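Numbering (UniProt numbering), first residue to last: 1 to 460. Working notes for the structure below.
Here it is as structure tokens:
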């Protein structure tokens with residue numbers, strides 16, 4: 001976890017990580033992993049807590065906010081748009097909102113660094129207000145497509161003043177005098193698209209409806225209700241229809257951020273594949289739209305136990321115990337992808353230790369993450385002696401039954417989850433595994449290396 005006071009970044013004077021020297025890091029097999037830990041607060045909820053705090057009237061207090069670079073960029077953007085944002089203690093933040101319709105035009109570029117979620121959700125916020133805002137980020141964010149966010153916003157009345165080729169940042173967005181309510185079917189199962197449209201719909205005088213063919217994480221809908229908006233959710237086959245009544249009177253409230261299941265995935269999988277290990281991760285969010293990895297690991301025969309289930313701030317959490325044991329290959333259905341889209345890299349690592357093949361279907365969304373994660377995972381596996389094939393949007397990993405060679409240098413492509421996933425591999429492979437850069441890990445899990453060392457991992 002982050003310790004001490006961390007300053008918010010200031011735009012646009014930040015130096016992008018793409019201009020800093022790489023910091024390679026290696027992991028190697030050693031002692032069993034043992035201990036009881038808490039991973040950082042959930043990144044998705046942390047972003048949304050700050051954004052809803054901006055849009056609410058009055059004061060919002062947030063406990064256990066993830067103090068990682070991605071979230072701090074969103075905090076600074078909220079401040080630039082008119083919110084009072086104060087860090088009171090480690091993980092404890094106070095936001096005094098500007099209110100729906102009360103945003104001010106930012107004086108400078110909103111630099112989101114590597115934060116795809118923060119930038120896309122904030123486009124929905126700024127693009128529905130009569131202001132002009134310019135969005136930018138680091139070299140990785142500049143490669144990520146924004147057109148699928150911009151298209152519905154344009155339908156709602158926003159104007160794209162300028163954009164980099166392919167609808168990428170840097171881009172400038174000007175909102176309308178009055179936002180138009182729409183019904184929008186998302187072109188891909190993406191909580192970011194859905195959330196951007198719903199956030200824009202908050203400043204619309206009518207009902208904004210989002211239809212998704214596959215259900216995605218529902219943190220935005222839950223938080224809309226938590227802050228006082230009227231939102232209805234209807235199940236439709238495998239998907240959902242979400243209807244939001246616009247121009248609500250959002251009121252500041254308290255948000256307790258549970259532990260991030262995407263961050264918990266790394267120590268949990270490390271314990272499952274490292275001989276003699278037993279690790280407990282506390283307060284992990286158990287939202288069924290976020291637990292696809294846990295479901296898959298259980299199907300693979302993982303020794304996982306859930307303890308002390310309880311509700312915190314509208315989300316169910318539990319302590320999870322993971323112990324070393326044999327894993328078997330499975331087939332992961334495509335409809336599970338939205339509930340574990342960020343966990344496929346570390347699942348691929350678990351699959352490399354399993355007995356038999358693991359087939360992961362429907363991974364097209366991995367191609368538009370911080371890197372082309374599908375290609376990056378396959379390359380990382382190959383570099384460490386694991387046979388894997390990509391067929392369309394499917395990934396087939398040939399498990400070794402626990403005998404992973406390792407010894408490779410993994411190209412992370414500035415992607416924090418690629419780096420952490422393959423560092424997990426090196427803890428149980430025959431030879432060490434090296435990630436070509438570790439600097440970007442701070443975007444989601446700034447205390448990763450220190451926490452893993454506390455469990456007994458050898459990282460250097």
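Backbone N, C-alpha and C fix where the C-beta goes; we use that ideal spot for every residue, glycine too. Since this is a predicted model, take the numbers as computed values, not measurements.
Under the DSSP definition of a beta bridge, residue 184 partners with 210.
Taking C-beta separations shorter than 6 angstroms and ignoring five residues to either side along the sequence, the partners of residue 136 in its chain run 109, 111, 169 and 170, following chain order. Using a 10 angstroms sphere on the CB of residue 428, the tally of other CB atoms reaches 16 or more, which defines it as buried.
Taking residue 423 as reference, the option from 143, 266, 392 and 291 with the minimal CA-CA separation is 266.
With distances taken between CA atoms, residue 367 lies nearest to 144 out of 34, 144 and 273. Rounded to whole angstroms, the separation of the alpha carbons of residue 294 and residue 346 is 12 angstroms.
Counting the other Cβ atoms within 10 Å of the Cβ of residue 284 gives 16 or more, which makes it buried. Scanning its chain for C-beta atoms nearer than 7 angstroms, with the 5 sequence neighbours on each side dropped, one finds around residue 177 the residues 130, in chain order. With distances taken between CA atoms, residue 328 lies nearest to 351 out of 376, 351 and 39.
Between residue 207 and residue 181, the C-beta gap is smaller than 8 angstroms, which places the two residues in contact. Within a 10 Å sphere around the beta-carbon of residue 296 sit 16 or more other beta-carbons, which makes this residue buried. For residue 88, there is no enclosing alpha helix (DSSP H); the enclosing beta strand (DSSP E) has its first and last residue at 84 to 89. Under the 10 Å beta carbon count, residue 307 is surrounded by fewer than 16 other beta carbons and is classified as exposed. In the structure shown, residue 460 adopts coil according to DSSP, grouped into three states.
By the C-beta density criterion, residue 390 is exposed, having fewer than 16 other C-beta atoms within 10 angstroms.
Taking each of 349, 320 and 240 in turn and checking the Cα distance to residue 410, the smallest one comes out for 349. Using a Cβ distance threshold of 8 angstroms, residue 150 and residue 195 do not count as a contacting pair. When the Cα atoms are used, residue 453 and residue 460 turn out to be separated by approximately 10 angstroms. Rounded to the nearest angstrom, the Cβ distance from residue 242 to residue 231 is 7 angstroms, consistent with a contact under 8 angstroms.
Within a 10 Å sphere around the beta-carbon of residue 403 sit fewer than 16 other beta-carbons, which makes this residue exposed. Of 304, 386, 107 and 363, the smallest CA-CA separation from residue 334 is found for 363. In the three-state reduction of the DSSP assignment, residue 316 falls in the strand class, which pools E and B. Measuring C-alpha to C-alpha distances from residue 113 to each of 105, 133 and 77 identifies 77 as the nearest.
For residue 298, the three-state secondary structure derived from DSSP is helix.
Residue pairing for residue 409: DSSP places it in a beta bridge opposite 434. When secondary structure is reduced to three states using DSSP, residue 280 falls in the strand class. Annotation note: the segment 53 to 134 contains the following uninterrupted alpha helix (DSSP H) runs of length 4 or greater, listed N- to C-terminal: 69 to 80 and 116 to 126. Assignment of alpha helix (DSSP H) within the segment 347 to 403, counting only whole runs of 4 or more residues, yields 373 to 383 in chain order. In the DSSP annotation of this structure, residue 170 is not part of any alpha helix (DSSP H); the continuous beta strand (DSSP E) holding it starts and ends at 168 to 174. Residues of the same chain with a CB within less than 7 angstroms of the CB of residue 405, apart from the 5 flanking positions on each side, are 384, 385, 429, 430 and 431 in chain order. Taking the CA atoms as reference points, residue 330 sits about 17 angstroms from residue 339.
A direct Cα-Cα distance of roughly 8 angstroms separates residue 30 from residue 456. Residue environment: residue 128 is assigned as buried (16 or more neighbouring CB atoms within 10 Å of its CB, all protein chains considered).
In the DSSP secondary-structure assignment, residue 232 is bridged to 243. Here residue 310 is bridged, per DSSP, to 317.
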